[in-house]
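Colleague: Please read through the structure below; I'll follow up with questions.
Here it is in structure tokens:
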């Protein structure tokens, strides 16, 4: 890892780089000590907040009067690169891509979905996890069909359930099919929340299959495991 | 479909109280091609301009996160004053630019190109006023 980070630091004007492996909660850094006033845990926490806001993976470039920073976030890795103004951005992006390629290759087990069932515990099955599952399904629909279809079908599925679960008014869906909770929690009734989001997931998946029967879309069980899946069906209203 | 009529413009200040001519800049920025100006907020976070659209909701939370992170970098990592930022993601591309303690949030397929256009507007405005 040190060698990988050193390759990024070797880009002229790069000050330092910090990588967070979110699955293993490990932080790797290559910073001159005097450059960071904040501790690494603090930086990692801020990157985590940024990742939550993105709902997806992304690369953010920040330009300041004195420095430039790049923040890459996805569901597995968060990376912060700090550089002097005028850094060669294309070279840096190439090195970043190299780092990500190697990090992904080094994962111990290949991921079939964005959400790894073995990290789900009962206390973690909350609306955030369910929304992540919905977003992962939406990503699959978007990749195989289109963002427009993902958005349309997810909105349709939500709207059909609105008269049963009125709190779905607080579930925002953008034009690419990404969803986010505007008013959290959607409801304080956990059982109802599981049933509602589980049903929305299933309806959306069925709609995706209807548009393209050959498309392989993950079930909720794929994400959360059969044991937790049961919770989503016991309190249904429809 | 993004609304683009005059109803979208919710000015918090009129032309007489428009210190620094920010409304004039906003009008010019709104005309940049292939992008949508979603919001302009002042230093206290108050909206000077906002698009009346549900699209703005995602942009709003994102802007809040970007502001917080930029503030963190500025303070703790001694980066200096925040100037601009851009986001590339599979589903959304945004950019942010600052001017006279105002933060502009734009949604654009090509954030860097939009930021260049933004700079050009500022420069031409400075030339016009000098």
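Residue numbers (the numbering used here), protein chains in the order written: chain Y, 1 to 238; chain V, 239 to 368. Here a beta-carbon is modelled for each residue, glycine too, at the ideal position from N, C-alpha and C.
1) With a threshold of 7 Å, establish whether the CB of residue 218(Y) neighbours any heavy atom of the ligand SAH.
2) Hey, quick one: how far does the beta strand (DSSP E) through residue 181(Y) stretch, first residue to last?
3) Could you round the C-beta distance between residue 44(Y) and residue 78(Y) to whole angstroms and report it? I think they count as a contact, below 8 Å.
4) Go ahead and label residue 312(V) buried or exposed: buried means 16 or more other beta carbons lie within 10 angstroms of its beta carbon, across all protein chains shown.
5) Do you know offhand how far residue 103(Y)'s Cα is from residue 259(V)'s?
6) Within its chain, find whatever has a CB closer than 8 Å to the CB of residue 147(Y); leave out the 5 residues flanking it on each side and keep chain order.
7) Any residues in the region 52-65 of chain Y with a beta carbon nearer than 9 Å to a beta carbon of chain V? Which ones, in chain order?
8) Apply the 10 Å Cβ neighbour rule to residue 326(V) and answer buried if 16 or more other Cβ atoms are within range, or exposed otherwise.
9) Could you confirm whether any beta carbon from chain Y is found closer than 8 Å to the beta carbon of residue 285(V)?
10) Cutting at 6 Å between CB atoms, please list the residues of its own chain near residue 61(Y), excluding the five before and the five after it.
11) Suppose contacts are defined by Cβ-Cβ distances below 8 Å. Is residue 8(Y) in contact with residue 17(Y) by that definition?
12) With 8 Å as the threshold, decide whether the Cβ of residue 13(Y) is near any Cβ in chain V.
13) What would DSSP say about residue 338(V), mapped onto helix, strand or coil?
14) Taking the beta strand (DSSP E) that residue 27(Y) belongs to, which residues open and close that run?
15) Strictly by DSSP, which residues pair up with residue 173(Y)?
16) Does the distance from the C-beta atom of residue 275(V) to that of residue 342(V) stay below 8 Å?
17) So, at 6 Å on beta carbons, what are the nonlocal neighbours of residue 141(Y) in its own chain, with the 5 sequence-adjacent residues on each side left out?
18) Taking all protein chains shown into account, decide if residue 361(V) is buried (16 or more other Cβ within 10 angstroms of its Cβ) or exposed.
19) Quick one: what's got a C-beta closer than 7 Å to residue 137(Y)'s C-beta in the same chain, skipping five residues either side?
20) Does the distance from the CB of residue 310(V) to the CB of residue 46(Y) come in under 8 Å?
21) How would you label residue 269(V), buried or exposed, when you count the other beta carbons within 10 angstroms and need 16 or more for buried?
22) How far does the alpha helix (DSSP H) with residue 101(Y) in it reach, from first residue to last?
Modeller: Answer, in terms of the structure:
1) What this structure holds is no ligand at all, so the ligand SAH is not there to describe.
2) 179-181
3) 7 Å
4) buried
5) 49 Å
6) 175, 176, 177
7) 52, 53, 54, 55, 56, 57, 58, 59, 60, 61, 62, 63, 64, 65
8) buried
9) no
10) 70
11) yes
12) no
13) Here residue 338(V) sits in coil by DSSP.
14) Per DSSP, residue 27(Y) belongs to the beta strand (DSSP E) from 26-30.
15) 179(Y)
16) yes
17) The beta carbon of residue 141(Y) sits closer than 6 Å to those of 150, 208, all from its chain and outside the five residues before and after it, given in chain order.
18) exposed
19) Cβ neighbours of residue 137(Y) beyond the five flanking positions: 201, 204, 205, 217, 218.
20) yes
21) Answer is exposed; the Cβ neighbour count stays below 16.
22) 89-105
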